[in-house]
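Listed in order, the protein sequences are those of chains A and B. Residue 201 in this note's numbering sits at position 201 of the first sequence, with consecutive numbering throughout. Residue 123 in this note's numbering sits at position 123 of the second sequence, with consecutive numbering throughout. Every residue gets a Cβ at the ideal spot worked out from N, C-alpha and C, and that includes glycine. Treat the numbers as computed from the prediction; the structure is a model and nothing was measured. A short worksheet on the structure shown next.
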Amino acid sequence: MLFALAVAALVLVPVAVTFSSFARVEGDILAHLTEFVLPELVGNTLWLVLGVAVGVGVLGVSLAWLTAMCEFPGRRLFDWALLLPLALPAYVTAFVAIGLLDFTGPLQSWLRESWGLTGLPEIRSRGGVILVMSLALYPYVYLIAKNAFATQGAIALEAAQSLGLSRTQGFFRVALPMARPWIAAGMMLALMETLADFGTMAIFNYDTFTTAIYKAWYSLFSLPAAAQLASILILFVLVAVVFEQRSRTRMRYGAVGRGAASRRIKLSPALAGLALLYAGAVLAAAFLIPITQLALWTRDVVAADLDARYWAFAWHSVLLAGMGALMVVAVALLLAYAGRQRPGSAMMWTQRLATLGYAFPGAVLAVGLFIPVAALDNWLIDAGHAWFGFDGNEILKGTLLVMLLAYLVRFLAVGFGPIDSGLHRISRNIDEAAKNLGTGAAGLLTRVHLPMLRASLLTAATLTFVDIMKEMPITLMTRPFGWDTLAVRVFEMTSEGEWERAALPSLAIVIAGIIPIILMTWRGAHSHG
Amino acid sequence: MAELILDSVSQSYAKRQIIADLSFSLPEGAIGCLLGPSGCGKTTALRCISGFEPIQSGEIRIGGEVVSRPGWMLAAEKRRIGMVFQDYALFPHLTVAGNVGFGLRNESKAARQARIDELLVLVGLTAHADQYPHQLSGGQQQRVALARALAPRPRLILMDEPFSNLDVELRERLSIEIRDILKREATTALIVTHDQHEAFALADWVGVMHQGRIQQWDTPYNLYHEPGNRFVADFVGQGALVPGEVINDHQVEIELGVLEGHIPVECDASGCDECVRNCHVDVLLRPDDIIHDDDSLLLAEVENKAFRGADFLYTLKLPSGQHALSLVPSHHNHAIGEKIGIKLAVDHVVAFRRE
Numbered sequence: 001m002l003f004a005l006a007v008a009a010l011v012l013v014p015v016a017v018t019f020s021s022f023a024r025v026e027g028d029i030l031a032h033l034t035e036f037v038l039p040e041l042v043g044n045t046l047w048l049v050l051g052v053a054v055g056v057g058v059l060g061v062s063l064a065w066l067t068a069m070c071e072f073p074g075r076r077l078f079d080w081a082l083l084l085p086l087a088l089p090a091y092v093t094a095f096v097a098i099g100l101l102d103f104t105g106p107l108q109s110w111l112r113e114s115w116g117l118t119g120l121p122e123i124r125s126r127g128g129v130i131l132v133m134s135l136a137l138y139p140y141v142y143l144i145a146k147n148a149f150a151t152q153g154a155i156a157l158e159a160a161q162s163l164g165l166s167r168t169q170g171f172f173r174v175a176l177p178m179a180r181p182w183i184a185a186g187m188m189l190a191l192m193e194t195l196a197d198f199g200t201m202a203i204f205n206y207d208t209f210t211t212a213i214y215k216a217w218y219s220l221f222s223l224p225a226a227a228q229l230a231s232i233l234i235l236f237v238l239v240a241v242v243f244e245q246r247s248r249t250r251m252r253y254g255a256v257g258r259g260a261a262s263r264r265i266k267l268s269p270a271l272a273g274l275a276l277l278y279a280g281a282v283l284a285a286a287f288l289i290p291i292t293q294l295a296l297w298t299r300d301v302v303a304a305d306l307d308a309r310y311w312a313f314a315w316h317s318v319l320l321a322g323m324g325a326l327m328v329v330a331v332a333l334l335l336a337y338a339g340r341q342r343p344g345s346a347m348m349w350t351q352r353l354a355t356l357g358y359a360f361p362g363a364v365l366a367v368g369l370f371i372p373v374a375a376l377d378n379w380l381i382d383a384g385h386a387w388f389g390f391d392g393n394e395i396l397k398g399t400l401l402v403m404l405l406a407y408l409v410r411f412l413a414v415g416f417g418p419i420d421s422g423l424h425r426i427s428r429n430i431d432e433a434a435k436n437l438g439t440g441a442a443g444l445l446t447r448v449h450l451p452m453l454r455a456s457l458l459t460a461a462t463l464t465f466v467d468i469m470k471e472m473p474i475t476l477m478t479r480p481f482g483w484d485t486l487a488v489r490v491f492e493m494t495s496e497g498e499w500e501r502a503a504l505p506s507l508a509i510v511i512a513g514i515i516p517i518i519l520m521t522w523r524g525a526h527s528h529g
Numbered sequence: 001m002a003e004l005i006l007d008s009v010s011q012s013y014a015k016r017q018i019i020a021d022l023s024f025s026l027p028e029g030a031i032g033c034l035l036g037p038s039g040c041g042k043t044t045a046l047r048c049i050s051g052f053e054p055i056q057s058g059e060i061r062i063g064g065e066v067v068s069r070p071g072w073m074l075a076a077e078k079r080r081i082g083m084v085f086q087d088y089a090l091f092p093h094l095t096v097a098g099n100v101g102f103g104l105r106n107e108s109k110a111a112r113q114a115r116i117d118e119l120l121v122l123v124g125l126t127a128h129a130d131q132y133p134h135q136l137s138g139g140q141q142q143r144v145a146l147a148r149a150l151a152p153r154p155r156l157i158l159m160d161e162p163f164s165n166l167d168v169e170l171r172e173r174l175s176i177e178i179r180d181i182l183k184r185e186a187t188t189a190l191i192v193t194h195d196q197h198e199a200f201a202l203a204d205w206v207g208v209m210h211q212g213r214i215q216q217w218d219t220p221y222n223l224y225h226e227p228g229n230r231f232v233a234d235f236v237g238q239g240a241l242v243p244g245e246v247i248n249d250h251q252v253e254i255e256l257g258v259l260e261g262h263i264p265v266e267c268d269a270s271g272c273d274e275c276v277r278n279c280h281v282d283v284l285l286r287p288d289d290i291i292h293d294d295d296s297l298l299l300a301e302v303e304n305k306a307f308r309g310a311d312f313l314y315t316l317k318l319p320s321g322q323h324a325l326s327l328v329p330s331h332h333n334h335a336i337g338e339k340i341g342i343k344l345a346v347d348h349v350v351a352f353r354r355e
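Take a look at the structure:
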């Protein structure tokens, strides 16, 4: 219980720190912020959230309905292939889109030269950001809505039809309202990602809170300003969290029967063709074209860029992701275990709090954890100076401590989910059986639980590993000198507009990102047997 | 193996008394059974014995050693009790042999392997030693669970509803097999079930539980033929209660005639004649207490009948309107509504004072 509380406290630290920044107001900076920066930030953020909500909602729900409830050529392929965009961090989709569609990009150049066409909408715009974010994040809605439709759609639709509704009416009046909590939960996850996104916004030069925090940190060198911006962003995030938690409690697994497969709606040839075209277009835009373009660019630069420095970036990425994943898995295991030892509502709330960090944007965590660690550092230095004649200006600041703590807070939920559900699947009788056979607490863990949890631990570690590989703002803002990773390299190259050179590190991140998707679909396919 | 004694054990959870003043003793090597409807506290009793629940009064002794008393209990892993769970709780990541050997950690490799082999022979699963639990049938999984529990030579084996996950035909066969296995290992065992057929097939001693109390702790034969109270009479076996009048200490009269035997009703401490004579009782008639006889002058109407293969179970309506059951060989096929001749054949008179 103490341990669980400590982890939960770690999540609260950044929140407390960022809000306490209002205690020491630097007047002119705050005035500058409220007068010039804030109105634009709030406007940008609201438009973005609104646009992405509509975008992921429409894409996710329509594709989920098609693959879960309809039969058309290629459905089985699309069923899992439509998840592939999860492997592409939004910032990768973003710079590929700009590289392709910009005024100087191949598409516009070709149109201009061959057809004399100009006046394609500018990609570096609000619409462009929304489009890219929707394409990158729709899988969250797709995945969760697909499950909802598959478990309850067919029966509900048949019931509606037996009561005289057409299929279209049945969809809008029964299936869609039934799936609403699931869809809402998926949309909230996508919106949290949107609020947290830094890379895409930086590439598009679209000012939101995350980029503003970064600028306050690096250009204004004002920690309080960064913290104040972070605290406003937290308010936005909390709204999303509340909605997400509320819709989650409404998700009851009222699975009504099985066998959706035999009852899929057979689409007429014309409609089936349209479905194929639509799903194919989304998949192409969100995954196939970006990945092809990445590969082409990589081919152009690989000879020059695949040098020792590149391997150093890759090594740092792997090392950090590995350390982070191990730490997350260890803490998540202890947290889940604490819940098993002492169930109860107090423990449940503590666990919920401790895993709330997934909602906090990396930029917020970077600021919120850097400030207290820096303060601790100053205290240590003073103490060290007074007592041991220590002479230096940083102890903890220059280490990986802030970065790893931020990873832990941000990604604990990612690791906690699979481990906790894995632990829940182990019946309590198993524990009692082991005890009756003379096994103590330690033996229970090493001889029974760990072997039984192996798959869950592996899933948790893989998911966390990949998420940390993709992570940009925490790494960018808190890395010690010399710890450049693949994601940092992508940021540096894209901020110079060197899309081709950003492709090589991106490709490595994407390839790593495909692993958990394969793992997920493979387990999905095998869990029925 | 060891004797198990429960001495007025009580347990309550959240101010609700689950078991009250529970006492019984199970001799070394005997198989006991707690029988009762769901919610009667039998599973809680089992968990108190295995060391997963504390007790609030009384004490539990195994082989003379106190293992539970109010405020203290020996840890479950130190009790040397084997438990077979309702869902078997086999370790899915270990093979059959791995499961059976799980509790044999402190023995040498050779001794361990020998014990595993011995048990696999005993439960007839030698050919499945290297398979994983999910590859086995329900009955096989259950035998693995039993072998696993027996392996460390526990002082006592506990089984919680051991057959509830199996289909009916399998239950009967397995309960005989399991009794056989337990007897060959000479293990003291306590089983919890709500099914009296299982209890009768398995156990030497059966305790009928109701509302947290043991109503009667006795042999299966006695439970059936000499139930100690109305609950036991009703819960164990079939039968009907018909009104009767006590004539004296060895005779009771019901509408079908006078029954002779020991009348186990104490009407009054003084035992005066008047009192006994006027005592109103209900007499238990088992289906085998009423036999069909075409020559009998006593007639009863067939109100319902159930064909059970070798025999019919007739529900009869006596002239007074009372109901009674009769077991009749199946070649006597009578129609509903027909009047048939019956005769009493009561060995044990069971009578309860009318409240």
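Not flagged as an interface residue toward chain B: L457 (chain A), since no C-beta distance is shorter than 8 angstroms. With contacts defined as CB atoms closer than 8 angstroms, I55 (chain B) and G41 (chain B) fail to qualify as a contacting pair. Bridge pairing for I130 (chain A): absent [DSSP]. When the beta-carbon positions are compared, Q86 (chain B) and D160 (chain B) come within less than 8 angstroms of each other.
Taking 8 angstroms as the cut-off, the beta carbon of P14 (chain A) is found closer than this to the beta carbon of V364 (chain A). Rounded to the nearest angstrom, the Cβ distance from Q211 (chain B) to V232 (chain B) is 13 angstroms, too far for a contact under 8 angstroms. Chain order gives the chain B residues near V448 (chain A) as F91, where near means a beta carbon separation below 7 angstroms.
For L6 (chain B), DSSP records a beta bridge to B:F24, B:I60. Checking the DSSP bridge columns, you'll see A240 (chain B) partnered with B:L285. With 16 or more other CB atoms across the displayed protein chains lying within 10 angstroms of its CB, P154 (chain B) is buried. Shown here is that no member of the segment 212 to 243 of chain A has a Cβ falling below 7 angstroms from a Cβ of chain B. Contact between the segment 498 to 517 of chain A and the segment 87 to 98 of chain A is present, with at least three C-beta pairs closer than 8 angstroms.
Chain A places a beta carbon closer than 8 angstroms to that of E77 (chain B), counting this residue as a contact.
Taking the Cα of F416 (chain A) as reference, the smallest distance to any Cα among A:L334, A:W110, A:P290, A:L405 is reached at A:L334. At a beta-carbon threshold of 7 angstroms, the residues of chain A lying near P152 (chain B) are L437, G438, ordered along the chain. In the structure shown, the three-state DSSP call for S330 (chain B) is coil. With a threshold of 16 other beta carbon atoms within 10 Å, Y138 (chain A) meets it and is buried.
Collapsing the DSSP output to three states places L299 (chain B) in a strand. The CB of I60 (chain B) never comes closer than 7 angstroms to any CB in chain A; the least such distance is about 15 angstroms. Here DSSP, grouped into helix, strand and coil, assigns G422 (chain A) to helix.
For the pair of segments examined, the segment 57 to 72 of chain A was found to touch the segment 129 to 146 of chain A: the number of CB pairs separated by less than 8 angstroms reaches three. When C-alpha distances from D295 (chain B) are compared across B:T315, B:K339, B:A324, the shortest belongs to B:K339. In the structure shown, D218 (chain B) adopts extended strand secondary structure according to DSSP, grouped into three states. Contact annotation: V409 (chain A) and L191 (chain A) have beta-carbon atoms that are not nearer than 8 angstroms.
If you check the CB distance, A199 (chain B) and R179 (chain B) do not come in under 8 angstroms. Separation of the CB atoms of V331 (chain A) and L412 (chain A) is rounded to 6 angstroms, and the pair is thereby assigned contact status at 8 angstroms. Per the DSSP secondary-structure output, L158 (chain B) pairs in a beta bridge with B:M83, B:L190. Excluding five sequence positions before and after A285 (chain A), the CB atoms of its chain that fall closer than 7 angstroms to its own CB belong to L135, given in chain order.
Neighbours of D87 (chain B) in chain A, taken as residues whose beta carbon is under 7 angstroms from its own, are S427, N429 in chain order. In chain order, S50, F52, A76, M83, F85, A89 make up the part of chain B whose C-beta sits under 8 angstroms from the C-beta of E432 (chain A). If you look at Y214 (chain A), you'll find it in the alpha helix (DSSP H) that goes 209 to 218. Looking at the DSSP output, Y13 (chain B) sits in a beta bridge with B:R16. Apart from the 5 residues on each side of it in sequence, I157 (chain B) sits with its Cβ closer than 6 angstroms to the Cβ of G82, A149, T187, A189 in its chain, given in chain order.
One Cα belongs to E260 (chain B), the other to I430 (chain A), and the distance between them is close to 55 angstroms. Contact fails between the segment 112 to 125 of chain B and the segment 468 to 476 of chain A, because fewer than three Cβ pairs, one in each stretch, are under 8 angstroms apart.
Contact annotation for M452 (chain A) against chain B: F91, P92, H93 [CB-CB distance below 9 angstroms, chain order].
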